[in-house]
Amino acid sequence: MNPFRVRIGYRRSLIFVAALSIAALIVAACVPVAAPAADAPADTAAEADEGGTLTIGSVQGSAAIPTFLPWKAHSSAQSFHWNLFMNSLVMQEHSTLEWVPDLAESYEISPDGLTYTFHLREGVTWHDGMPFTANDVSFSFHAALLPEGGSTASGGLKDAIVGAIDYQEGNTETAEGIQVLDDYTIQFQLTQPQVTIIERFAMRIAPAHVFEGLEPEEWLQTEFATELPFGTGPFVFKEYIPDQHTIFERNENYFKGAPLLKNVVIRFYGDNSVMIIALEKGEINMVGFLNPSADEFDKVTNLPGIDWEYQDKFPAYFFSITFQDEALADKRFRQAFLYSIDREEIATQLWGNADLTKVQPVSQWAPPPGVTLDIEEYAYNPEKSTALLEDMGWDFDRVVEIVWFGTDMPDQLPILQQFIEGVGIKTKLVQTDGARGLEVFYETGDYEISWVGGWGRSYYPDTTVVGCDRVYPNGYNSSRYCNEELDALYNQALATVDDDERNELYTRATAIWNDELPWIPLYAPQSLLLIHENVKGWRDSLIGPEGSATIGAVTDLEKWYIEE
Amino acid sequence: MGRYILRRILISFPVLLGITVVTFTFANLAPGDPVTAMIDPMSGIEPGEVEKLKEALGINRPIPVRYFLWLKEVLRGNLGYSYVTHRPVATMIAERLPQTLQLMMTALAISIVLGVSLGIYAAFNQYSILDNVFTLLVFIGISVPAFFFALLAIYMFSFRIPLFPTSGIKEPLSTLPPIIDRLHHLVLPATVLGIEGVAGYLRYTRSSVLEVMRQDYVTTARAKGLRERAVRIGHVLRNALLPLVTIVGLSLPSLIGGALFIEVLFSWPGMARMAIEHTLGRDYPVIMGIGLVSATMVLLSNLVADIIYTVVDPRIRYE
Numbered sequence: 001m002n003p004f005r006v007r008i009g010y011r012r013s014l015i016f017v018a019a020l021s022i023a024a025l026i027v028a029a030c031v032p033v034a035a036p037a038a039d040a041p042a043d044t045a046a047e048a049d050e051g052g053t054l055t056i057g058s059v060q061g062s063a064a065i066p067t068f069l070p071w072k073a074h075s076s077a078q079s080f081h082w083n084l085f086m087n088s089l090v091m092q093e094h095s096t097l098e099w100v101p102d103l104a105e106s107y108e109i110s111p112d113g114l115t116y117t118f119h120l121r122e123g124v125t126w127h128d129g130m131p132f133t134a135n136d137v138s139f140s141f142h143a144a145l146l147p148e149g150g151s152t153a154s155g156g157l158k159d160a161i162v163g164a165i166d167y168q169e170g171n172t173e174t175a176e177g178i179q180v181l182d183d184y185t186i187q188f189q190l191t192q193p194q195v196t197i198i199e200r201f202a203m204r205i206a207p208a209h210v211f212e213g214l215e216p217e218e219w220l221q222t223e224f225a226t227e228l229p230f231g232t233g234p235f236v237f238k239e240y241i242p243d244q245h246t247i248f249e250r251n252e253n254y255f256k257g258a259p260l261l262k263n264v265v266i267r268f269y270g271d272n273s274v275m276i277i278a279l280e281k282g283e284i285n286m287v288g289f290l291n292p293s294a295d296e297f298d299k300v301t302n303l304p305g306i307d308w309e310y311q312d313k314f315p316a317y318f319f320s321i322t323f324q325d326e327a328l329a330d331k332r333f334r335q336a337f338l339y340s341i342d343r344e345e346i347a348t349q350l351w352g353n354a355d356l357t358k359v360q361p362v363s364q365w366a367p368p369p370g371v372t373l374d375i376e377e378y379a380y381n382p383e384k385s386t387a388l389l390e391d392m393g394w395d396f397d398r399v400v401e402i403v404w405f406g407t408d409m410p411d412q413l414p415i416l417q418q419f420i421e422g423v424g425i426k427t428k429l430v431q432t433d434g435a436r437g438l439e440v441f442y443e444t445g446d447y448e449i450s451w452v453g454g455w456g457r458s459y460y461p462d463t464t465v466v467g468c469d470r471v472y473p474n475g476y477n478s479s480r481y482c483n484e485e486l487d488a489l490y491n492q493a494l495a496t497v498d499d500d501e502r503n504e505l506y507t508r509a510t511a512i513w514n515d516e517l518p519w520i521p522l523y524a525p526q527s528l529l530l531i532h533e534n535v536k537g538w539r540d541s542l543i544g545p546e547g548s549a550t551i552g553a554v555t556d557l558e559k560w561y562i563e564e
Numbered sequence: 565m566g567r568y569i570l571r572r573i574l575i576s577f578p579v580l581l582g583i584t585v586v587t588f589t590f591a592n593l594a595p596g597d598p599v600t601a602m603i604d605p606m607s608g609i610e611p612g613e614v615e616k617l618k619e620a621l622g623i624n625r626p627i628p629v630r631y632f633l634w635l636k637e638v639l640r641g642n643l644g645y646s647y648v649t650h651r652p653v654a655t656m657i658a659e660r661l662p663q664t665l666q667l668m669m670t671a672l673a674i675s676i677v678l679g680v681s682l683g684i685y686a687a688f689n690q691y692s693i694l695d696n697v698f699t700l701l702v703f704i705g706i707s708v709p710a711f712f713f714a715l716l717a718i719y720m721f722s723f724r725i726p727l728f729p730t731s732g733i734k735e736p737l738s739t740l741p742p743i744i745d746r747l748h749h750l751v752l753p754a755t756v757l758g759i760e761g762v763a764g765y766l767r768y769t770r771s772s773v774l775e776v777m778r779q780d781y782v783t784t785a786r787a788k789g790l791r792e793r794a795v796r797i798g799h800v801l802r803n804a805l806l807p808l809v810t811i812v813g814l815s816l817p818s819l820i821g822g823a824l825f826i827e828v829l830f831s832w833p834g835m836a837r838m839a840i841e842h843t844l845g846r847d848y849p850v851i852m853g854i855g856l857v858s859a860t861m862v863l864l865s866n867l868v869a870d871i872i873y874t875v876v877d878p879r880i881r882y883e
């Protein structure tokens, strides 16, 4: 008796099962495949050899790209997209880190540092064919002042630009300090000199005509914001499918010359291992910002046919220790804590390399060029650590909680804990949900020690994370540190236009930081860029000032090409 | 029967309402909120903006007020907008649901067809070599974690033997007809997921068939002189496979829930992945939208399973 022939007999239950199977197959065949790109005709393959397609892998999910509106910055995935299809007034030149004009042809800063005048390029067109003018710049910066339009950038602009607060509060039609002088000239008036303002001018410019007649509350729901944005950049945005891919096509009319690549595709993966298989297989030809463990390091740097390069040292890791506890606020405890950890050993074991974070303001792992560092490096020294603890009368029976946020415990944490316990500080690791981060870490500051994984940097450090008046919601001073001298130095530095004078102020601030340790710096592993051998032209356009690649700021992808 | 169905449907409404109250309450009681979930100094959100953002999203209001606002909108057919992506929740679900259904139904079909037929074979050939082999395979199938199996499949059938793409639902810039392209992407995840399910159906079918074979009426049928084939088909399988309807019915809600590991590893943009991402982001409208759709599906599939039971088993009558 062949059991596989039972189908004729027991009618109805089998019919049900069969019907379900058939239904499944029908669904399988009929589910609409997300609309095929209208612009991907059959001859795409034939044209593709001209410059080829660069396919970049990313593991950032759709939640990392909440919008394409340039004034709502959220993740590196977003800025990577923007780099491909948008431009800004100025951009940072990758090899010197100097600010150079982009959509501006040139710009001037008045001697008092209060007026910035941008002369814009003429003849630049948006991808929809409309001309780019100073109105677009004016619109974008006005939009950036309105949180109701999704802006997350208004905090830094509203105090800096004359009349911005009045505009934000609805008292004026425009901000007095943003003046369109003619179609190709725009001027910004600042309330006080501020060197960091140049970073704000790197915000991407959006086309004003798209938002005409819309209320700011509607901007986030536009097609531009959610699925099909456009700009003036080297590539035209063609298709975005969340958690799948984004497709870009060469902009033949790019104002700096048409790119060599025909297409750029960003493919989203749910998992790093699968992405590496896809790279080996050739489904993608580039992966950036990879932080492999020491075991994986050998594997990924020896993949056949794949070149690799160190990238930005990013992100930097820290501990935050509260100042709301007398013993923990003691400088000697903080120094002892840092001396107890063999940072070099951990970093080498975990990543095969890492930059020991200089004892620096937390928003700044590398000092601005020209800042002298004559500081204590806090190399591993358990004896000194114990001596400091004894000197301050540390209670060796006390158990301090180290809180961490998120779902997966960072690999480093148990190792760090062992080192810390090695000098007699008893600790307990406590997990907290990521979404509670703000509450515990910033709002109440109700923690003893907190693990801070992965912070970025800003070019010019300020008081955001250490200032006396920068406790949430005025800043991110989670540890409640307060040193008015340090605040004064930072504020003075930010308002100092002269480079040498400013560097002198930063050098003095750094010395205070180094001694008092408002944050406990650990290390900044170098991430890796993996790229297929057949991708050419990238090295020159990526190598940063310290000899490592920085694709976070891809500035001239238009010079890349694929060699068949 | 008609009255029974009507009654069941009417009862479903208060149940559904209860589920939404519970989901809404728990989602909102969880510490953190959509704005704080986005906050980190790298995000570029200026600290002073946080309160304004909260206000803009309306999450400063008390939970009951927000619940009734949500309910009012839902009754008008509006599931609201995601706090994270600012797209309509209904649109987001409508994009994800077919992908999940496609993957899960294909996998379920594979599980049922393979599991039931192998289970029947194993039962009718109890203690044969193949029966033992199946038992062994089933144990392996149950013990091996899905993600390991998935990675192995990707490594073997996408990389070593490059038959299928590693992941995704669609090749960017593909020149293949969309259906072929889709099927090409579907094979690997659906098979992995389907094979995971085979073990359960096989074990279930095997023991159910064996149990029925020991029943008196089967002995009676044989004593009547019925041919073995008629006994097996008409008496054994007919009875042994009935409860399968319940098992399949109970697995229907998972069809829309999706399978997290598979969706993540195979970059399949389905419901499970969206649910996790947006739950971690405290994206209340999306959490509620998914909750509502899932709850409706559970209630509906239970009802459907019960109705089908009356069709396949004439002994059951609902009044």
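As they're listed, the protein sequences go chains H and E.
My numbering applies: residue 1 is where the first sequence begins, and numbers increase by one.
My numbering applies: residue 565 is where the second sequence begins, and numbers increase by one.
Glycine is no exception: its CB is placed at the ideal position from the N, C-alpha and C atoms.
Identify the contact partners of residue 277 (chain H) in chain E, using a Cβ-Cβ distance below 8 Å as the criterion.
Here the question's residue 277 (chain H) lines up with position 277 in the first sequence. Within chain E, the C-beta atoms nearer than 8 Å to that of residue 277 (chain H) come from 718, 719, 722, 723 and 730, in chain order.
Closer than 8 Å is the cut-off here; do at least three beta carbon pairs connect the segment 683-701 of chain E with the segment 219-231 of chain H?
Note that the segment 683-701 of chain E does not touch the segment 219-231 of chain H; fewer than 3 beta-carbon pairs, one per stretch, sit closer than 8 Å.
Less than 8 Å between CB atoms is the rule here; does residue 569 (chain H) satisfy it with respect to chain E?
With chain H represented from 1 up to 564, any question about residue 569 (chain H) goes unanswered, as that position is not in the structure.
In chain order, what residues of the same chain have a beta carbon less than 6 Å from the beta carbon of residue 426 (chain H), not counting five sequence neighbours either side?
Here residue 426 (chain H) refers to the residue found at position 426 of the first sequence. Excluding its 5 nearest sequence neighbours in each direction, residue 426 (chain H) has C-beta neighbours in its own chain below 6 Å: 399, listed in chain order.
If you follow the alpha helix (DSSP H) that residue 316 (chain H) is in, where does it begin and where does it stop?
Your numbering for residue 316 (chain H) matches position 316 in the first sequence. Here residue 316 (chain H) belongs to no alpha helix (DSSP H); instead the beta strand (DSSP E) covers 316-321.
Is the beta carbon of residue 831 (chain E) less than 8 Å from the beta carbon of residue 462 (chain H)?
The residue labelled residue 831 (chain E) in the question sits at position 267 within the second sequence. The residue labelled residue 462 (chain H) in the question sits at position 462 within the first sequence. Going by beta carbons, residue 831 (chain E) and residue 462 (chain H) fall outside the 8 Å limit.
Let me know the secondary structure DSSP gives residue 404 (chain H) once reduced to three states.
What you label residue 404 (chain H) is simply residue 404 of the first sequence in a count that begins at 1. Note: residue 404 (chain H) maps to strand in three-state DSSP.
Cα-Cα separation between residue 773 (chain E) and residue 747 (chain E), rounded to whole angstroms
In the second sequence, counting from the first residue as 1, residue 773 (chain E) sits at position 209. In the second sequence, counting from the first residue as 1, residue 747 (chain E) sits at position 183. Going by the C-alpha atoms only, they are around 34 Å apart.
If we define contact as Cβ-Cβ less than 8 Å, is residue 290 (chain H) a contact residue for chain E?
Taking the first residue of the first sequence as 1, we reach residue 290 (chain H) at position 290. It does not; no Cβ of chain E falls within 8 Å.
Look at the Cβ atom of residue 668 (chain E), then the Cβ atom of residue 858 (chain E), and state whether they are nearer than 8 Å.
Your numbering for residue 668 (chain E) matches position 104 in the second sequence. Your numbering for residue 858 (chain E) matches position 294 in the second sequence. Cβ atoms of residue 668 (chain E) and residue 858 (chain E): not closer than 8 Å.
Whether or not the segment 668-687 of chain E and the segment 765-781 of chain E are in contact is what I'm after, with contact meaning three or more pairs of Cβ atoms, one per stretch, closer than 8 Å; do they touch?
Under the three-pair Cβ rule at 8 Å, the segment 765-781 of chain E counts as touching the segment 668-687 of chain E.
Going by DSSP, which residues form a beta bridge with residue 642 (chain H)?
Since the displayed chain H opens at 1 and closes at 564, residue 642 (chain H) lies outside it and no answer follows.
Residue 335 (chain H), buried or exposed, once every other Cβ within 10 Å from all chains shown has been counted against 16
Start at 1 with the first residue of the first sequence, and residue 335 (chain H) comes out as number 335. That one is buried.
Please tell me whether residue 235 (chain H) and residue 265 (chain H) are closer than 8 Å, where the distance is taken between their beta carbons.
Taking the first sequence and counting its residues from 1, one reaches residue 235 (chain H) at position 235. Taking the first sequence and counting its residues from 1, one reaches residue 265 (chain H) at position 265. Against a cut-off of 8 Å, the Cβ pair of residue 265 (chain H) and residue 235 (chain H) comes out as no contact.
If you measure between the beta carbons of residue 786 (chain E) and residue 795 (chain E), is that distance less than 8 Å?
To locate residue 786 (chain E), count along the second sequence from 1; it is residue 222. To locate residue 795 (chain E), count along the second sequence from 1; it is residue 231. A contact, by the Cβ cut-off of 8 Å.
Hey, could you find the ends of the beta strand (DSSP E) residue 268 (chain H) is sitting in?
Along the first sequence, read from residue 1 onward, the residue named residue 268 (chain H) stands at position 268. Counting along the chain, the beta strand (DSSP E) containing residue 268 (chain H) begins and ends at 263-268.
Cβ-Cβ distance between residue 106 (chain H) and residue 119 (chain H) below 8 Å
Your numbering for residue 106 (chain H) matches position 106 in the first sequence. Your numbering for residue 119 (chain H) matches position 119 in the first sequence. Here residue 106 (chain H) is near residue 119 (chain H), since their CB atoms are less than 8 Å apart.
Identify the contact partners of residue 771 (chain E) in chain H, using a Cβ-Cβ distance below 9 Å as the criterion.
In the second sequence, the residue the question calls residue 771 (chain E) occupies position 207. Those do not exist, as residue 771 (chain E) stays about 15 Å from chain H at its closest Cβ, beyond 9 Å.
Identified DSSP bridge partners for residue 428 (chain H):
Stepping through the first sequence from its first residue, residue 428 (chain H) is reached at position 428. Partner(s): H:401.
Start and end residues, alpha helix (DSSP H) containing residue 376 (chain H):
Position 376 of the first sequence, counted from the first residue, corresponds to residue 376 (chain H). Boundaries cannot be given for residue 376 (chain H), as no alpha helix (DSSP H) includes it and DSSP labels it neither H nor E.
Provide the residue span of the alpha helix (DSSP H) that contains residue 275 (chain H), from first to last.
As a first step, residue 275 (chain H) is located in the first sequence; it is residue number 275 there, counting from the start. Judged by DSSP secondary structure, residue 275 (chain H) falls within the alpha helix (DSSP H) whose first and last residues are 272-281.
Mind pulling the chain C residues with CB within less than 7 Å of residue 242 (chain H)?
Judged by its chain identifiers, the structure shown contains no chain C, and its protein chains are H and E.
Since residue 189 (chain H) is in the beta strand (DSSP E), which residue starts that stretch and which ends it?
Working through the first sequence from its first residue, we reach residue 189 (chain H) at position 189. Here the beta strand (DSSP E) through residue 189 (chain H) covers 185-189.
Can you tell me whether residue 598 (chain E) is buried or exposed? The criterion is at least 16 other CB atoms within 10 Å of its CB, across all chains shown.
Here residue 598 (chain E) is taken as the residue at index 34 of the second sequence, counted from 1. The residue in question, residue 598 (chain E), is buried, as its Cβ has 16 or more Cβ neighbours within 10 Å.
May I ask which residues mark the beginning and end of the alpha helix (DSSP H) holding residue 73 (chain H)?
Position 73 of the first sequence, counting from 1, holds the residue named residue 73 (chain H). That residue, residue 73 (chain H), is in no alpha helix (DSSP H); it is neither H nor E in DSSP.
If you draw a straight line from the C-alpha of residue 293 (chain H) to the C-alpha of residue 634 (chain E), how long is it?
What you label residue 293 (chain H) is simply residue 293 of the first sequence in a count that begins at 1. What you label residue 634 (chain E) is simply residue 70 of the second sequence in a count that begins at 1. Straight through space, the alpha carbons of residue 634 (chain E) and residue 293 (chain H) are spaced by roughly 45 Å.
Cβ neighbours of residue 128 (chain H) in the same chain (closer than 7 Å, five flanking residues each side left out)
In the first sequence, counting from the first residue as 1, residue 128 (chain H) sits at position 128. Cβ neighbours of residue 128 (chain H) beyond the five flanking positions: 230.
Using a Cβ cut-off of 7 Å, pull out every chain E residue sitting near residue 273 (chain H), in sequence order please.
As a position in the first sequence, residue 273 (chain H) is number 273, starting the count at 1. Annotation: Cβ neighbours of residue 273 (chain H) in chain E (cutoff 7 Å, chain order): 715.
Could you check whether the segment 508-523 of chain H touches the segment 335-351 of chain H, counting it as contact only if at least three pairs of C-beta atoms, one from each stretch, sit closer than 8 Å?
Contact check between the segment 508-523 of chain H and the segment 335-351 of chain H: three or more CB pairs, one atom from each, fall below 8 Å, which counts as touching.
Identify the contact partners of residue 247 (chain H) in chain E, using a Cβ-Cβ distance below 7 Å as the criterion.
Within the first sequence, the letter at position 247 stands for residue 247 (chain H). What residue 247 (chain H) touches in chain E: 736 and 737.
Nearest CA to the CA of residue 117 (chain H): which residue from H:155, H:189 and H:103?
On the first sequence, position 117 is the one that residue 117 (chain H) refers to. Residue H:189 is the option with its Cα nearest to residue 117 (chain H).
Can you check whether the CB of residue 410 (chain H) is closer than 8 Å to the CB of residue 451 (chain H)?
As a position in the first sequence, residue 451 (chain H) is number 451, starting the count at 1. As a position in the first sequence, residue 410 (chain H) is number 410, starting the count at 1. Contact flag set, yes.
So, do the segment 725-736 of chain E and the segment 643-655 of chain E have three or more beta carbon pairs nearer to each other than 8 Å?
Contact check between the segment 725-736 of chain E and the segment 643-655 of chain E: fewer than three CB pairs, one atom from each, fall below 8 Å, which does not count as touching.
Rounded C-alpha distance that separates residue 303 (chain H) from residue 57 (chain H):
Start at 1 with the first residue of the first sequence, and residue 303 (chain H) comes out as number 303. Start at 1 with the first residue of the first sequence, and residue 57 (chain H) comes out as number 57. Spanning the alpha carbons of residue 303 (chain H) and residue 57 (chain H) requires a straight line of approximately 16 Å.
Listing by chain order, which chain E residues have their CB less than 9 Å from the CB of residue 296 (chain H)?
To locate residue 296 (chain H), count along the first sequence from 1; it is residue 296. Against chain E, a Cβ distance below 9 Å from residue 296 (chain H) picks out nothing, because the smallest value is about 14 Å.
Report the residue from H:481, H:401 and H:286 whose alpha carbon sits nearest the alpha carbon of residue 534 (chain H).
Here residue 534 (chain H) is taken as the residue at index 534 of the first sequence, counted from 1. When the alpha-carbon of residue 534 (chain H) is set against those of H:481, H:401 and H:286, the nearest one is in H:286.
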